[in-house]
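Protein chains in written order, with UniProt numbering: chain A, 1 to 288; chain B, 1 to 246.
Just so it is clear, CB atoms sit at the ideal spot from N, CA and C, and this is done for glycine as well.
Please read these numbers as outputs of a predicted model, since none were measured by experiment.
Have a look at the structure below before the remarks.
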């Protein structure tokens with residue numbers, strides 16, 4: 001039993017690399033996911049992933065399967081969508097969800113247009129589904145750097161970000177950091193999705209961002225607690241998913257996300273706060 | 001000394017004026033009630049004063065910078081997992097900024113502010129667990145910590161029980177005693193008469209402004225109600241030469 005859990009990581013370097021990559025993504029993307037969830041922007045992660053895809057595809061078209069080109073392409077497309085939609089949200093009457101949807105759809109269509117007119121029969125499957133079992137040193141360094149940048153940025157902008165989420169009107173009345181915070185946060189979303197697509201693919205990487213955060217909502221009431229629970233859930237999902245994929249020859253990205261999905265489902269049912277069980281099998285109420 | 005000066009001020013939405021060519025001066029240290037029917041532009045005027053809405057025409061000039069604002073419907077996400085103490089502490093923003101540490105002296109002031117609004121013991125309670133009146137107390141505690149020169153309150157006592165309203169009114173009087181300027185939108189005219197020496201009656205345009213007992217007359221209030229009922233989707237552009245003709 002222990003052997004089945006440990007041996008794959010001991011025996012194979014690619015499994016260790018995959019685990020390290022997934023842990024880096026878990027630690028970086030999860031706090032971003034918690035804030036997305038608390039801002040009711042959970043679906044924004046998905047929209048952003050769609051926005052990044054064309055950029056990565058263009059990078060792939062230009063330089064083939066190059067980490068650098070695809071990363072830069074994804075970053076450019078993602079940041080463009082983040083900046084434009086953030087700008088429209090802040091300056092016009094349109095709300096964030098609508099402006100985000102508008103720009104990611106434009107980005108996606110532009111990407112599809114570019115890829116199809118190039119007529120190249122590119123295999124974009126690995127962009128869609130990632131290559132977690134083939135992470136090289138460069139990719140690992142990129143993932144760890146993005147995680148470090150994420151935590152540093154969150155540490156610096158923690159107070160304004162909380163206010164920007166909870167009481168943006170007040171933040172605007174006392175500080176000029178509202179816009180900086182908003183855009184920095186969107187940039188973190190893009191960065192972490194770009195990190196995620198190295199390993200899990202653009203679409204799957206949203207799963208590791210949002211599912212653990214959504215699960216954590218049922219276990220913790222404070223932000224710190226939620227981030228902690230969500231990181232543990234994400235790392236457990238990563239390790240379990242990798243092992244399942246190893247032992248049963250399953251694709252690793254979806255395996256990781258499905259484990260995260262199972263943790264989420266269990267949390268919906270059994271969680272301490274606001275779960276199904278809390279609702280239908282209530283504990284006795286308190287005296288005060 | 002004027003704290004806030006409105007000069008030919010027009011504020012509005014989508015080109016329709018909600019406050020129209022208003023000239024008035026709020027003097028420093030005054031305790032002013034803003035009175036008028038629904039749609040008179042009271043909240044709009046406060047939004048303009050705090051800078052959340054740019055004038056369509058004219059100007060608002062402040063003598064001093066530090067303004068605190070209690071909106072009518074705070075855009076606070078009440079589901080956000082934020083403890084009462086943390087939200088109140090943000091009133092110290094002008095002192096600690098985005099990155100400064102909360103020092104023991106700050107902690108004492110936070111405790112004092114919570115005590116002043118009767119919420120001692122609620123420090124760690126999440127804002128999601130508060131009633132509407134308790135939330136209003138929390139926002140007042142945050143205003144206390146802001147120690148602003150000008151406090152703008154938009155219907156601060158709506159949906160608040162009498163005891164809470166009286167407590168919060170004490171805070172307003174304390175500000176007044178400290179020489180701070182307070183401007184509050186109110187509908188309770190008895191409260192205005194009892195507590196506010198100055199009153200500004202508006203109905204998109206200025207109706208009357210001055211000492212409450214002279215301004216808050218049945219005639220002025222009747223005039224305000226009549227003036228407030230015109231909204232024309234296809235209104236013509238407001239030009240100086242046609243003004244007052246309508």
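Go ahead and pull the three-state DSSP assignment for residue i.
i	result
residue 245 of chain B	Because residue 245 of chain B carries a pLDDT of 45, less than 50, the predicted location of this residue cannot be relied on, and the following value inherits that uncertainty. Residue 245 of chain B falls in the coil class under three-state DSSP.
residue 236 of chain B	coil
residue 198 of chain B	strand
residue 258 of chain A	helix
residue 136 of chain A	coil
residue 149 of chain A	helix
residue 99 of chain B	coil
residue 5 of chain B	strand
residue 85 of chain A	helix
residue 26 of chain A	helix
residue 107 of chain A	helix
residue 126 of chain B	strand
residue 176 of chain B	helix
residue 283 of chain A	coil
residue 227 of chain B	helix
residue 116 of chain A	helix
residue 159 of chain A	helix
residue 277 of chain A	helix
residue 270 of chain A	helix
In the DSSP assignment, find the alpha helix (DSSP H) that holds residue i and state where it starts and stops.
i	result
residue 182 of chain B	Careful: residue 182 of chain B lies outside any alpha helix (DSSP H), inside the beta strand (DSSP E) at 181–185.
residue 224 of chain A	223–248
residue 117 of chain B	Looking at the DSSP string, residue 117 of chain B is not in any alpha helix (DSSP H), and its letter there is neither H nor E.
residue 4 of chain A	2–11
residue 137 of chain B	132–146
residue 288 of chain A	No alpha helix (DSSP H) holds residue 288 of chain A; DSSP gives it neither H nor E.
residue 56 of chain A	42–63
Which stretch, first to last residue, makes up the beta strand (DSSP E) that contains residue i?
i	result
residue 205 of chain B	205–211
residue 150 of chain B	150–154
Against chain A: residues of the stretch 65–85 of chain B by CB proximity under 7 Å
69, 71, 74, 75, 76, 77, 80, 81 and 82
Can you list, in chain order, the residues of the stretch 97–109 of chain B whose Cβ is nearer than 8 Å to any Cβ on chain A?
97, 98 and 99
At what residue ranges does the stretch 8–92 of chain B contain a whole run of the beta strand (DSSP E), taking only runs of 3 or more?
16–27, 31–35, 57–62 and 67–70
Positions along the stretch 125–152 of chain B whose CB lies within less than 7 Å of some CB in chain A
Within the stretch 125–152 of chain B, the qualifying residues are 126.
Could you run through the stretch 155–167 of chain A and flag, in chain order, every residue whose CB is less than 8 Å away from some CB of chain B?
156, 157, 159, 160, 162, 163, 165, 166 and 167
Going along the chain, which residues of the stretch 36–55 of chain A sit with their C-beta nearer than 7 Å to a C-beta in chain B?
38
Short of 8 Å Cβ to Cβ, which residues in the stretch 167–185 of chain A face chain B?
The stretch 167–185 of chain A vs chain B, Cβ under 8 Å: 167, 168, 169, 170, 172, 173, 174, 175 and 177.
Whole runs of the alpha helix (DSSP H) within the stretch 174–220 of chain A, excluding any shorter than 4 residues
Counting whole runs of 4 or more residues, the stretch 174–220 of chain A contains the alpha helix (DSSP H) stretches 177–199 and 202–216.
Does the stretch 197–217 of chain A come close enough to the stretch 253–273 of chain A that 3 or more CB-CB pairs lie under 8 Å?
yes
Beta carbons nearer than 8 Å to chain B: which residues of the stretch 22–35 of chain A have them?
From the stretch 22–35 of chain A, no residue has a Cβ closer than 8 Å to chain B.
May I ask you to verify whether the stretch 217–227 of chain A touches the stretch 73–85 of chain B, counting CB pairs closer than 8 Å and requiring at least 3?
yes
Proximal residues, the stretch 171–187 of chain B versus chain A, C-beta separation under 8 Å:
none
Sufficient close CB pairs (3 or more, under 8 Å) joining the stretch 43–52 of chain A to the stretch 18–28 of chain A
no
So if I threshold CB-CB distances at 9 Å, which residues from the stretch 223–244 of chain A count as touching chain B?
223, 225 and 226
Determine which residues of the stretch 41–52 of chain B have a Cβ less than 9 Å from any Cβ of chain A, and write them out in chain order.
50, 51 and 52
Check whether the stretch 124–142 of chain B and the stretch 45–53 of chain B are in contact - that is, three or more C-beta pairs closer than 8 Å.
No: the two stretches stay apart, fewer than three of their Cβ pairs being nearer than 8 Å.
Are there three or more Cβ pairs, one per stretch, closer than 8 Å when the stretch 84–97 of chain B is compared with the stretch 166–185 of chain A?
yes
At a Cβ cut of 7 Å, what residues of the stretch 201–224 of chain A count as close to chain B, listed as they run along the chain?
221, 222 and 223
Below 8 Å, how does it come out for the stretch 16–33 of chain B and the stretch 200–218 of chain B: are there three or more Cβ pairs, yes or no?
Note that the stretch 16–33 of chain B touches the stretch 200–218 of chain B; at least 3 beta-carbon pairs, one per stretch, sit closer than 8 Å.
Touching by the beta-carbon criterion (3+ pairs, under 8 Å), the stretch 176–188 of chain A and the stretch 117–124 of chain B
no
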